[in-house]
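Colleague: My structure is below; once you've seen it, I'll send some questions.
There are 2 protein chains.
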Amino acid sequence: MAKKKNAFYAQSGGVTAVINASACGVIETARANKDKIGKVYAGRNGILGALSEDLIDTTKESAKAIAALRYAPSGAFGSCRYKLKNFDVDRREYERLIEVFAAHDIGYFFYNGGGDSADTCNKVSQISARLGYPITAVHVPKTVDNDLPITDTCPGFGSVAKYIAISTREASFDVASMAKTSTKVFILEVMGRHAGWIAAAGGLASDEDTEIPVVILFPEVTFNREKFLAKVDENVKKFGYCSVVVSEGVKGEDGKFLADQGLKDAFGHAQLGGAAPVVASIIKQGLNLKYHWAVADYLQRAARHIASKTDVDQAYAVGAAAVQFALDGHNAVMPAIERKSSKPYKWKIAMAPLDKVANVEKMMPKNFITKDGFGITDKCREYLTPLIQGEDYPPYKNGMPQYVRLKNVGVEKKLTTTFDISGKE
Amino acid sequence: MAKKKNAFYAQSGGVTAVINASACGVIETARANKDKIGKVYAGRNGILGALSEDLIDTTKESAKAIAALRYAPSGAFGSCRYKLKNFDVDRREYERLIEVFAAHDIGYFFYNGGGDSADTCNKVSQISARLGYPITAVHVPKTVDNDLPITDTCPGFGSVAKYIAISTREASFDVASMAKTSTKVFILEVMGRHAGWIAAAGGLASDEDTEIPVVILFPEVTFNREKFLAKVDENVKKFGYCSVVVSEGVKGEDGKFLADQGLKDAFGHAQLGGAAPVVASIIKQGLNLKYHWAVADYLQRAARHIASKTDVDQAYAVGAAAVQFALDGHNAVMPAIERKSSKPYKWKIAMAPLDKVANVEKMMPKNFITKDGFGITDKCREYLTPLIQGEDYPPYKNGMPQYVRLKNVGVEKKLTTTFDISGKE
Chain L
6 MAKKKNAFYA
16 QSGGVTAVIN
26 ASACGVIETA
36 RANKDKIGKV
46 YAGRNGILGA
56 LSEDLIDTTK
66 ESAKAIAALR
76 YAPSGAFGSC
86 RYKLKNFDVD
96 RREYERLIEV
106 FAAHDIGYFF
116 YNGGGDSADT
126 CNKVSQISAR
136 LGYPITAVHV
146 PKTVDNDLPI
156 TDTCPGFGSV
166 AKYIAISTRE
176 ASFDVASMAK
186 TSTKVFILEV
196 MGRHAGWIAA
206 AGGLASDEDT
216 EIPVVILFPE
226 VTFNREKFLA
236 KVDENVKKFG
246 YCSVVVSEGV
256 KGEDGKFLAD
266 QGLKDAFGHA
276 QLGGAAPVVA
286 SIIKQGLNLK
296 YHWAVADYLQ
306 RAARHIASKT
316 DVDQAYAVGA
326 AAVQFALDGH
336 NAVMPAIERK
346 SSKPYKWKIA
356 MAPLDKVANV
366 EKMMPKNFIT
376 KDGFGITDKC
386 REYLTPLIQG
396 EDYPPYKNGM
406 PQYVRLKNVG
416 VEKKLTTTFD
426 ISGKE
Chain G
6 MAKKKNAFYA
16 QSGGVTAVIN
26 ASACGVIETA
36 RANKDKIGKV
46 YAGRNGILGA
56 LSEDLIDTTK
66 ESAKAIAALR
76 YAPSGAFGSC
86 RYKLKNFDVD
96 RREYERLIEV
106 FAAHDIGYFF
116 YNGGGDSADT
126 CNKVSQISAR
136 LGYPITAVHV
146 PKTVDNDLPI
156 TDTCPGFGSV
166 AKYIAISTRE
176 ASFDVASMAK
186 TSTKVFILEV
196 MGRHAGWIAA
206 AGGLASDEDT
216 EIPVVILFPE
226 VTFNREKFLA
236 KVDENVKKFG
246 YCSVVVSEGV
256 KGEDGKFLAD
266 QGLKDAFGHA
276 QLGGAAPVVA
286 SIIKQGLNLK
296 YHWAVADYLQ
306 RAARHIASKT
316 DVDQAYAVGA
326 AAVQFALDGH
336 NAVMPAIERK
346 SSKPYKWKIA
356 MAPLDKVANV
366 EKMMPKNFIT
376 KDGFGITDKC
386 REYLTPLIQG
396 EDYPPYKNGM
406 PQYVRLKNVG
416 VEKKLTTTFD
426 ISGKE
């Protein structure tokens, strides 16, 4: 290449507490290699920003603002839920990307997302060969679902795990002190439609120093009302109270989500429930115990105030490594976290080929769930514990965490053509 | 008194992130005054421990364990929901207290709770005059509801306020970055059956540095569907997204709780809802916007990991002052927090007479809520901001906060009599 190329970076899918730390790693590493790489343009609202030529010029941000990304939850440039069509079905989206990339002299594509995004990134990496436009595409892993293959863990997950473990411990202390005359069962609903990684983190609330009766309802285990009630009852009899961590993805024997039990309001409208109130209702009917329930929802994945330092470090590292991989001439790859040892925890960045990542979902190993289906095994604990190590507190002002908001200055459009992205979900 | 008297301490009602800091203040101050005060006995599960002669000997705990109480959420000795009957209706409970106090040479009564507990403490203070047993009773204020009179704030509230303010800010950042193609409205349900103090804290998510569209639903303001939908719609049009903080105590024009809209599950069983899913349903029907909702429940009041340092300091201070007041010969009083100035924030401990505290509920001033009923005024902000100042992180081990559990060694029973407390709620 005669001239150094610009880079495109975009955030994709559900955001996390640390995805901006990856953005920080990408941009700081690009800035440190100014001799080899041009400007970093970010897509406003993810890949939509590329399709609609709505690019953000990150060079307008100060070094201080970019450094502050390390501490800010959410997606600083906006994210989106948008999956590119299959290349062979409809290549117009890819042709549009080339049009925009060419107009802005973009030669690097950094895509920060989960499984679907890895697939998109892989397709973009094939543009060079199939459409003749030279592009280097590197995927930056991110997902609270922790379901990407090859990488030991996914940035974003460790912080959710830490939040859920701490919240479960704290609420368990609360219910324990109320149990004599009041609430005896506390239920916390957590994310995880397909895999129980996040629910498993609830098991970390209890450890050898601090025993807590936690019953976990995994999406991997079909809900059985009688066994569940017996387990809760056993705990309440032994400890005086019980905590329940229920994954939003738990299904009953009818194959339907617990959360989707046909609740109707007074007007007959369907009520989009959570699983937690349904579990509460089952406990009320089956054991007649006083309960409280919480639904963590976005709080869990946005809780930068209690992010795992390990997670933040890894999120930054995969962002930085992505740029380094690209500069080293690698295409269609993803920085992966490789665990060297658990005790003490040691990890390094490895390189994963994207075709081995895309469209592969990593499920929880069977031997991570106890035989009764309600807890985590020592193996699971050994896996999870390192991921929540360390605190990485953001700066505070007036009692509130200071989360940077970038200026997000747009890059002047160069094209007269447009691309219809309206109505996309 | 020829001999120095022992003290009784109990925790009452819903626990908080900092009630153990008050316990720490009581016990450490008593230990520092060993020449004037004997052992501190704690009631196991609050006042029930006194009635059933189930006392905990706090002298069995190390100085280190007691100091660690400062960092532990929940009630270390157990709490209860139990209101003593009116003296003139049934004095048996008071006679029983005297019996237990006399058996264990207890001359000081420290009761750590909210409004109902202040009333109980006041009644106990009258035992001396009415039943001839010498007792000094001092109330230690605690309630996340922030509804005690005279005191500027109630220990426990500042930490919930900080948690809600931070959580609302974090989730708002999240939804802002997803809003282009996905969730546009985020709803967080918070505690507060009668007063909107906690909901008001959601307003702190937005400040002059970080503007966030937050719509607050206060229990003080009757819910109006049309006005609410118009406000959310306006915010979504202006900002692209909107956050809603809804108090569990919000009522509709029919006078019924929003949370109690007659939800039924598939089996026709009544579903104990939250307000958040009901609000979500209203937004879905009225504006057809994608939403997410969370219910913080116990997480908010147990979140010691992000407690307000101001709150922790004040919780400790009222515990310490209670013992000092008692040693100084004051009966039927409560340490109150007196605000000297807001900017900079200065406070001191004052003394409030219990008969002015008991059975008085402090509501939010009208001028704390904006005219449209959906926000907080500058006056409210000036009041709230100092209360969330400072972080007071607990110690961590293996990524988890270390919350002390005491040995809670029982005191040998001296009485052969018992007292029936079964079935009490």
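Line by line, the protein sequences are chains L and G. Counted the way this note's numbering counts, the first sequence spans residues 6 to 430. Counted the way this note's numbering counts, the second sequence spans residues 6 to 430. Where is the CB? At the ideal position from N, CA and C, for every residue including glycine. Quick caveat, the model's predicted, so the values are computed rather than measured.
#1: Under 8 Å by Cβ, that's how I've got G/Ala-81 and G/Leu-411 pegged, so tell me the actual separation to the nearest angstrom.
#2: Counting Cβ pairs, one atom from each stretch, are 3 or more of them under 8 Å apart for the segment 207-219 of chain G and the segment 166-175 of chain G?
#3: Does L/Asp-62 come out as helix, strand or coil in the three-state DSSP assignment?
#4: Once you ignore the five residues that flank G/Gln-407 on each side, which residues in its own chain have a CB closer than 7 Å to its CB?
#5: Assuming L/Leu-420 contacts L/Glu-100 under a Cβ cut-off of 8 Å, what Cβ separation, rounded to an integer in Å, is found between them?
#6: Would L/Ile-381 count as contacting chain G if we go by Cβ distances under 8 Å?
#7: Which bits of chain G does L/Ile-171 rub up against, with CB to CB less than 7 Å?
#8: Which residues in the same chain as L/Asp-152 place their Cβ atom closer than 6 Å to its Cβ, once the five residues preceding and following it in sequence are excluded?
#9: Taking the alpha-carbon of L/Asn-437 as reference, which of G/Glu-387, G/Leu-234, G/Ala-35 and G/Ala-205 has the nearest alpha-carbon?
#10: Given that a residue counts as buried once 16 or more other Cβ atoms are within 10 Å of its Cβ, and exposed if not, what is L/Ser-211?
#11: Can you find a CB in chain G that lies within less than 8 Å of the CB of L/Pro-370?
#12: The beta strand (DSSP E) with G/Tyr-138 in it runs from where to where?
#13: Any idea if G/Asp-316 is buried or exposed, counting beta-carbon neighbours within 10 angstroms, 16 or more meaning buried?
#14: Distance cutoff 8 Å, beta carbons only. Does L/Lys-429 sit that close to anything in chain G?
#15: Would you please verify whether the beta carbon of L/Ile-393 is less than 8 Å from any beta carbon of chain G?
#16: What does a CB cutoff of less than 6 Å around G/Glu-213 pick up in its chain, not counting 5 residues either side in sequence?
#17: Determine, for G/Val-300, whether the minimum Cβ-Cβ distance to residues of chain L falls below 8 Å.
#18: With DSSP collapsed to three states, give me the class of L/Leu-193.
#19: Can you find the residues in the same chain that come closer than 8 Å, C-beta to C-beta, to G/Ser-347, ignoring five residues on each side of it along the sequence?
#20: What residues of chain L sit near G/Thr-390, judged by a beta carbon separation below 8 Å?
#21: Counting only C-beta atoms, is G/Asn-38 closer than 8 Å to chain L at any point?
#22: Give the single residue among G/Ile-311, G/Lys-44, G/Gln-319 and G/Gly-254 whose Cα lies nearest to the Cα of G/Glu-66.
#23: Compare the C-beta of G/Met-183 against all C-beta atoms of chain L and say whether one is closer than 8 Å.
#24: Hey, does G/Asn-50 have any beta-carbon neighbour from chain L nearer than 8 Å?
#25: Give the residues of chain L in contact with G/Lys-167, contact being defined as C-beta atoms less than 7 Å apart.
#26: For a test of the three-state rule: what should DSSP assign to G/His-310, helix, strand or coil?
#27: If the cut is a Cβ gap below 7 Å, which residues of chain L does G/Glu-253 touch?
#28: Could you tell me the boundaries of the beta strand (DSSP E) in which L/Ser-347 lies?
#29: Flag this pair as touching only if the segment 324-344 of chain G and the segment 137-151 of chain G have three or more C-beta atom pairs under 8 Å; answer yes or no.
#30: Between G/Cys-385 and chain L, is any beta-carbon pair separated by less than 8 Å?
#31: By alpha-carbon positions, which one of G/Cys-126, G/Ala-108 and G/Ala-73 ends up nearest to G/Ile-91?
#32: Distance cutoff 8 Å, beta carbons only. Does L/Pro-218 sit that close to anything in chain A?
#33: I'd like to know if the segment 352-359 of chain G and the segment 372-380 of chain G are in contact, where contact means that at least 3 CB-CB pairs between them fall below 8 Å.
#34: Is L/Cys-247 close to chain G? Criterion is C-beta to C-beta, closer than 8 Å.
#35: Going by Cα to Cα distance, which pick from G/Tyr-76, G/Thr-34, G/Ala-26 and G/Lys-88 is closest to G/Leu-53?
#36: What are the boundary residues of the alpha helix (DSSP H) that includes G/Ala-123?
Modeller: For this structure:
#1: For the purposes of this step, residue 81 of chain G is taken as residue 76 along the second sequence, with counting starting at 1. For the purposes of this step, residue 411 of chain G is taken as residue 406 along the second sequence, with counting starting at 1. Rounded, the Cβ-Cβ distance is 5 Å, consistent with contact.
#2: Verdict: yes, contact present.
#3: If you number the first sequence from 1, residue 62 of chain L lands on position 57. Correct three-state label for L/Asp-62: strand.
#4: Locating residue 407 of chain G in the second sequence gives position 402, where the first residue counts as 1. For G/Gln-407, the CB contacts under 7 Å within the same chain, skipping 5 residues up- and downstream, are Pro-399, Pro-400 and Tyr-401 in chain order.
#5: As a position in the first sequence, residue 420 of chain L is number 415, starting the count at 1. As a position in the first sequence, residue 100 of chain L is number 95, starting the count at 1. No, L/Leu-420 and L/Glu-100 are not in contact; Cβ-Cβ is about 13 Å, not under 8 Å.
#6: Residue 381 of chain L sits at position 376 when you count from the first residue of the first sequence. So no, L/Ile-381 is outside the interface.
#7: For the purposes of this step, residue 171 of chain L is identified with residue 166 of the first sequence, where counting begins at 1. Using a Cβ-Cβ cut-off of 7 Å, L/Ile-171 is close to His-310, Met-405 and Pro-406 of chain G, given in chain order.
#8: Locating residue 152 of chain L in the first sequence gives position 147, counting from the first residue. Taking L/Asp-152 as the centre and dropping the five residues before and after it, the same chain places the C-beta of Ala-200, Glu-366 and Lys-367 closer than 6 Å to its C-beta, in chain order.
#9: The structure shown does not extend to residue 437 of chain L, since chain L is modelled only from 6 through 430, so no value can be given for it.
#10: Your numbering for residue 211 of chain L matches position 206 in the first sequence. L/Ser-211 sits buried, since 16 or more C-beta atoms from the chains shown fall within 10 Å of its C-beta.
#11: Within the first sequence, numbered from 1, the residue matching residue 370 of chain L stands at position 365. Chain G has no Cβ within less than 8 Å of the Cβ of L/Pro-370.
#12: To locate residue 138 of chain G, count along the second sequence from 1; it is residue 133. Per DSSP, G/Tyr-138 belongs to no beta strand (DSSP E) and is neither H nor E.
#13: Position 311 of the second sequence, counting from 1, holds the residue named residue 316 of chain G. By the beta-carbon neighbour count (other beta carbons within 10 angstroms, threshold 16), G/Asp-316 is buried.
#14: Residue mapping note: residue 429 of chain L aligns to position 424 of the first sequence, counting from 1. Any answer about L/Lys-429 is weak, because its pLDDT of 49 lies below 50 and its placement is not dependable; what the coordinates show is given next. So yes, L/Lys-429 belongs to the interface.
#15: Here the question's residue 393 of chain L lines up with position 388 in the first sequence. Yes, L/Ile-393 lies at the interface with chain G (some Cβ there is under 8 Å from its Cβ).
#16: By one-based count along the second sequence, residue 213 of chain G stands at place 208. For G/Glu-213, there are no CB contacts under 6 Å within the same chain when 5 residues up- and downstream are skipped.
#17: In the second sequence, counting from the first residue as 1, residue 300 of chain G sits at position 295. With 8 Å as the cut-off, G/Val-300 counts as an interface residue toward chain L.
#18: Position 188 of the first sequence, counted from the start, is the residue given in the question as residue 193 of chain L. Three-state result, L/Leu-193: strand.
#19: For the purposes of this step, residue 347 of chain G is taken as residue 342 along the second sequence, with counting starting at 1. Hits under 8 Å: Glu-387, Tyr-388, Thr-390 and Pro-391.
#20: In the second sequence, the residue the question calls residue 390 of chain G occupies position 385. Near G/Thr-390 (Cβ distances below 8 Å), the residues of chain L are Asn-403 and Gly-404.
#21: In the second sequence, counting from the first residue as 1, residue 38 of chain G sits at position 33. Interface flag for G/Asn-38 against chain L is unset, since no Cβ pair is found closer than 8 Å.
#22: As a first step, residue 66 of chain G is located in the second sequence; it is residue number 61 there, counting from the start. If we check each option's Cα against that of G/Glu-66, G/Lys-44 comes out closest.
#23: Within the second sequence, numbered from 1, the residue matching residue 183 of chain G stands at position 178. So, interface residue.
#24: Position 45 of the second sequence, counted from the first residue, corresponds to residue 50 of chain G. Answer yes: the Cβ-Cβ gap between G/Asn-50 and chain L drops below 8 Å somewhere.
#25: For the purposes of this step, residue 167 of chain G is identified with residue 162 of the second sequence, where counting begins at 1. Ordered by position in chain L, the residues that pass the 7 Å Cβ test against G/Lys-167 are Gly-404.
#26: One-based indexing of the second sequence puts residue 310 of chain G at position 305. If DSSP states are grouped into helix, strand and coil, G/His-310 belongs with the helices.
#27: Position 248 of the second sequence, counted from the first residue, corresponds to residue 253 of chain G. Contact annotation for G/Glu-253 against chain L: no contact, minimum CB-CB distance about 11 Å [criterion: below 7 Å].
#28: Position 342 of the first sequence, counted from the first residue, corresponds to residue 347 of chain L. Unbroken run through L/Ser-347: none, as it is neither H nor E.
#29: Contact between the segment 324-344 of chain G and the segment 137-151 of chain G is present, because at least three Cβ pairs lie under 8 Å.
#30: Taking the first residue of the second sequence as position 1, residue 385 of chain G is located at position 380. For G/Cys-385, the answer is no, since every Cβ of chain L falls outside 8 Å of its Cβ.
#31: Taking the second sequence and counting its residues from 1, the one referred to as residue 91 of chain G is at position 86. Residue 91 of chain G is actually Asn in this sequence, not Ile. The shortest C-alpha separation from G/Asn-91 is found at G/Cys-126.
#32: Given the protein chain composition of this structure (L and G), no chain A is represented.
#33: In short, these stretches do not touch, since the Cβ pair count stays below three.
#34: Stepping through the first sequence from its first residue, residue 247 of chain L is reached at position 242. For L/Cys-247, the answer is no, since every Cβ of chain G falls outside 8 Å of its Cβ.
#35: One-based indexing of the second sequence puts residue 53 of chain G at position 48. Looking from the CA of G/Leu-53, the closest CA among G/Tyr-76, G/Thr-34, G/Ala-26 and G/Lys-88 belongs to G/Lys-88.
#36: Indexing the second sequence from 1 puts residue 123 of chain G at position 118. Unbroken alpha helix (DSSP H) run through G/Ala-123: 120-130.
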